[in-house]
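Undergrad: Below are the structure tokens for one structure; questions will follow.
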Amino acid sequence: LALLLFLSMVEDVDLVRDIGMPDRFTPYTLYITLVLSLTWVLAAIPAMIPAYVAPPASGGSNSTPIGDFYTVIEEFELSSTTAEWTTMAYFLGSLVVGQIPCAMSDKIGRKPVAFWSALLTGVSGLIAALAPNYWIFLLGRFFQGAFFTATTNVNWVMVCESVPLSRHGRASVVFGVMWCTGYCIIAPLAIAFPTWRLLFLWTAIPTIIYAFIMNYIVRESLSFLVIRRRRDEVEAWILTAERYGGVKVTHSFEGGCLDTLLDDRMDTESPSRRSTYSGTSTTMSEPQQSMKELTVEALKDSKTLLYLLISIYMWITDFLVYNGLSMTSTGIKIGNPHWNYVMSGLVELPAAFILPALMDTIGRRATVILSHAETALALFALGFIPLENEWLYMIVWLAAKFGTASSFIALYIYGSEIFHIKYRNICLGICCTLGNLGAMAAPYTAHLGVTNQALVYSIYALVSIVSSGLDFALPETMHLHRSIERIQPAPITA
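The numbers in the sequence shown follow UniProt numbering, run straight up by one, and end at 494.
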């Protein structure tokens with residue numbers, strides 16, 4: 001769901017176009033997009049896997065078997081409360097460690113961080129799969145979560161920095177489809193490998209293999225190389241694009257065009273463009289502010305502080321509702337648990353296609369208000385629909401899942417636009433990090449459903465409608481948005 005974050009942060013600078021690449025997908029840039037988007041398939045699996053290996057509110061006498069699947073709960077004889085640590089450990093890792101490798105990608109490069117994050121995610125999965133006890137299993141889960149943010153965001157940024165701005169929207173659709181694929185593929189894998197150890201094992205091994213293949217066949221992002229003035233590597237990137245992409249851009253080497261571009265970017269590249277994560281500047285020609293100084297400055301601004309507090313609330317509650325519904329989809333007391341889970345993933349696809357267009361049509365704030373209100377209405381209605389009415393119940397449940405997925409996507413776009421560009425990375429980092437608290441709380445709220453499922457849905461509905469109301473205090477930002485399709489910077493000339 002982070003796939004649209006970078007879209008909302010772009011400026012009228014397109015280094016890929018400036019270097020001479022055509023304003024379209026070439027075979028090479030499409031290849032980069034497809035290869036790097038595969039990581040979202042692999043990242044979605046450990047994030048959503050507790051729905052099978054340790055379903056919330058499924059311990060002890062309240063156990064709800066998912067067909068013949070053998071869970072962590074059964075092997076280690078866990079109580080329902082202890083079993084919920086499976087999810088909590090993952091998001092605790094994301095909360096405590098997640099931003100560190102992302103910040104490192106600004107220093108050492110996107111590709112090394114992408115490689116090590118994918119590799120260590122796979123290794124952590126192996127640790128969990130082979131764990132002799134529950135505590136070692138939780139350690140593996142913690143480190144899987146620690147590299148989740150980097151595994152998803154860094155690969156996405158690599159694509160954004162290697163394809164023209166006008167193609168970021170289409171690239172985001174590819175990443176969205178890959179996320180849903182990883183989300184949904186857990187169900188057939190659980191049928192094929194009906195024990196938690198095998199499921200972890202056969203999802204960890206492909207991640208390790210992917211890390212090495214990706215590291216061998218993909219180059220560092222073009223924009224990062226340009227910004228860091230790595231002329232030889234930029235030239236090699238362009239020659240590779242020519243060789244495999246059917247384009248001719250070596251005119252960038254003629255007349256000193258490439259050197260002019262590198263010098264220009266060194267002098268004028270803006271802080272927000274240069275540092276995708278940390279909010280710090282790499283230029284030597286202007287005074288730098290530390291992250292601490294920027295944070296203090298942002299918190300002293302009353303308007304920024306208000307927007308930040310509202311955003312933090314919405315991020316936490318959206319994480320709560322999204323993960324609460326996702327993790328309990330296999331425990332719905334009607335229908336087939338495998339199909340229920342798959343449908344809960346497929347319903348996110350329309351949101352990925354519809355939301356950006358809707359936000360451009362009726363506005364950002366209105367879309368966020370409506371998506372949260374629709375979620376609240378559907379969740380509130382679920383408390384009054386008897387389980388005997390299976391079709392109506394599932395339709396409304398899926399409407400609630402569609403609503404919370406829509407709210408999440410809308411929040412990524414709108415949430416970045418409400419902050420001044422100077423504080424944007426800082427504020428978004430705070431929101432993303434604290435949002436993990438909602439995900440950590442999700443299994444505990446779901447546990448209430450053992451005795452009163454309507455109460456859980458009412459809690460989710462309440463926090464969603466509060467988000468809808470709080471959004472009235474935020475500004476409309478549609479007038480600030482410039483459609484990427486209209487950004488057509490000309491290639492630089494000597």
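Glycine is no exception: its CB is placed at the ideal position from the N, C-alpha and C atoms.
Going by CA-CA distance only, name the one from A54, V35, M359 and W116 that's closest to S162.
TA: Just measuring C-alpha positions, the residue of A54, V35, M359 and W116 sitting nearest S162 is V35.
Undergrad: Kindly give me the distance between the Cβ atoms of Y183 and A410, rounded to whole angstroms, as I take these residues to be in contact under 8 Å.
TA: Y183 to A410, Cβ: 19 Å. No contact.
Undergrad: If contact is defined by three or more beta carbon pairs under 8 Å, each pair taking one atom from either stretch, is the segment 421 to 434 in contact with the segment 293 to 312?
TA: Contact between the segment 293 to 312 and the segment 421 to 434 is present, because at least three Cβ pairs lie under 8 Å.
Undergrad: How is T195 classed by DSSP in three states: helix, strand or coil?
TA: strand
Undergrad: In whole angstroms, give me the CA-to-CA distance for L225 and N389.
TA: 58 Å
Undergrad: Using the Cβ count rule (16 or more neighbours within 10 Å means buried), how would you classify L222?
TA: buried
Undergrad: Going by CA-CA distance only, name the one from I354, E374, V342 and T121 that's closest to L189.
TA: V342
Undergrad: Going by C-alpha distance, which of G176, G122, I185 and S105 is nearest V154?
TA: S105
Undergrad: Using the Cα positions of P443 and P27, report the straight-line distance between them to the nearest angstrom.
TA: 44 Å
Undergrad: Alpha carbons only, please: which of L299, P132, F472 and P55 is nearest the one belonging to T367?
TA: Of L299, P132, F472 and P55, the smallest CA-CA separation from T367 is found for F472.
Undergrad: Does any residue of chain C bring its CB to less than 9 Å from the CB of A47?
TA: You won't find chain C in this structure, because it holds only one protein chain.
Undergrad: Where Y90 and D232 are concerned, what is the direct C-alpha to C-alpha distance, given to the nearest angstrom?
TA: 40 Å
Undergrad: For G345, which option in V113, L30, T33 and A51 has the closest C-alpha, if you only look at C-alpha atoms?
TA: A51
Undergrad: Along the alpha helix (DSSP H) that carries V123, what are the first and last residues, could you check?
TA: R110 to A129
Undergrad: Measuring only the C-alpha atoms, how far is V456 from T151?
TA: 32 Å
Undergrad: Helix, strand or coil for Y307? Go by DSSP, reduced to three states.
TA: helix
Undergrad: Quick check on the burial criterion: 16 or more other C-beta atoms within 10 angstroms. Buried or exposed for D318?
TA: buried
Undergrad: Is it buried or exposed for G98, if we count other Cβ within 10 angstroms and need 16 for buried?
TA: With 16 or more other Cβ atoms within 10 Å, it is buried.
Undergrad: Between G363, I332 and E242, which lies nearest to residue 495 when the distance is taken from Cα to Cα?
TA: Here the chain comprises residues numbered 1 to 494, so residue 495 is not present and cannot be evaluated.
Undergrad: Considering Cα atoms alone, identify which of L462, D301 and A352 is closest to L377.
TA: Among L462, D301 and A352, the Cα nearest to that of L377 is on L462.
Undergrad: By Cβ distance, which residues of its chain are closer than 8 Å to L320, with the 5 residues on each side in sequence left out?
TA: G438, A439, A441, A442, T445, Y460 and V463
Undergrad: With 16 other CB atoms within 10 Å as the buried threshold, where does T330 fall?
TA: buried
Undergrad: Residues in the same chain with beta-carbon distance under 6 Å from C431, minus the five sequence neighbours each way, listed in chain order, please.
TA: S311, I312 and W315, listed in sequence order.
Undergrad: Output needed for R197: all residues of its chain with C-beta closer than 6 Å, excluding positions within five of it in sequence on either side, in chain order.
TA: Cβ within range, chain order: A129.
Undergrad: What are the boundary residues of the alpha helix (DSSP H) that I136 is part of?
TA: Segment Y134 to A146, the alpha helix (DSSP H) holding I136.
Undergrad: What separation, rounded to the nearest whole angstrom, lies between the Cα atoms of F200 and N323?
TA: 20 Å
Undergrad: Could you tell me whether the Cβ atoms of N215 and A114 are closer together than 9 Å?
TA: yes
Undergrad: Taking only runs of the beta strand (DSSP E) that begin and end inside the segment 398 to 435, which ones reach a length of at least 3 residues, in chain order?
TA: none
Undergrad: Do you know how far the Cα of C102 is from the Cα of W202?
TA: Taking the straight line joining both Cα atoms gives about 27 Å.
Undergrad: In chain order, what residues of the same chain lie with their CB nearer than 8 Å to the CB of I354, ignoring the 5 residues before and after it?
TA: Non-local C-beta neighbours of I354 in its own chain, meaning closer than 8 Å and more than five positions away in sequence, comprise S406, ordered along the chain.
Undergrad: Please list the terminal residues of the continuous alpha helix (DSSP H) segment that includes L474.
TA: Note, L474: premise wrong, no alpha helix (DSSP H); not H, not E.
Undergrad: Grab the span of the alpha helix (DSSP H) containing E374 for me, first residue to last.
TA: R364 to L382
Undergrad: How should L387 be labelled, buried or exposed, when 16 other C-beta atoms within 10 angstroms of its C-beta is the threshold for buried?
TA: exposed
Undergrad: If we call anything under 9 Å between Cβ atoms a contact, is S371 one with G403?
TA: yes
Undergrad: Can you tell me the Cβ-Cβ gap for Y393 and I465, rounded? I've got them flagged as a contact below 8 Å.
TA: Actually they do not touch by this definition, with Cβ atoms about 21 Å apart.
Undergrad: Pull up the distance between the alpha-carbon of I186 and that of C180, whole angstroms please.
TA: 10 Å
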